[in-house]
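One structure is given here, and the rest of the page talks about it.
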Amino acid sequence: MSVLNTYMHKEQQLKQLQEELEKLKNDDRLKAELEFKDKLEALMREFDKSAADVIKLLDPKPTTAKTASTTSTGRAKRKLKIYKNPNTGEVVETRGGNQKTLKAWKEEYGAETVEGWLIDTNS
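Counting in UniProt numbering, the sequence shown runs from 1 upward without gaps.
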């Protein structure tokens, strides 16, 4: 495409965008939303509040796509288990039984003994 063609094409796009912008400026819905935004910002300045403050006030419990107790696969999160080795004082936190140190302890001391070292279970 030549430079002249590019220029004419861009000029045409600009004219089209300006027409669309004019239509939006005359839209009553846009006018109402802009008025609301202006009034809201004035209130926020008057009471020295940020957008985050307003959101916290209006929605105290933020919504997320997933709850915290489920993983991306949809199943519930495993409980956090905390074990403390009484011989060494070492502490292990795990959500599954596939933890390296925990496996080593179970091989050395036996699974039943290590399960007795469980000091806390959190969800």
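Built from N, CA and C at the ideal position, the CB exists for glycine as well.
Pull the bridge partners of residue i from the DSSP assignment, please.
i    : result
K84  : V91
T121 : K81
Are the C-beta of residue i and some C-beta of chain C separated by less than 8 Å?
i   : result
D59 : The question asks about chain C, but that chain is absent: this structure has only one protein chain.
Going by C-alpha to C-alpha distance, which of the options sits closest to residue i?
i    : options                 : result
K37  : E115, T73, G116 and A51 : A51
A76  : G96, F47 and G110       : G96
G110 : D59, Q13, N85 and K56   : N85
Start and end of the alpha helix (DSSP H) containing residue i?
i    : result
R75  : That residue, R75, is in no alpha helix (DSSP H); it is neither H nor E in DSSP.
F36  : D28 to E46
Q12  : V3 to K25
K103 : K100 to Y109
K56  : A51 to L58
How would you label residue i, buried or exposed, when you count the other beta carbons within 10 angstroms and need 16 or more for buried?
i    : result
V114 : buried
L102 : buried
Quick check: is any heavy atom of the ligand SAM less than 7 Å from the C-beta of residue i?
i  : result
L4 : Judged by which ligands are present, the structure shown has none, so any question about the ligand SAM falls away.
Should the segment 108-123 be called in touch with the segment 78-93, which here means at least 3 C-beta pairs below 8 Å? yes
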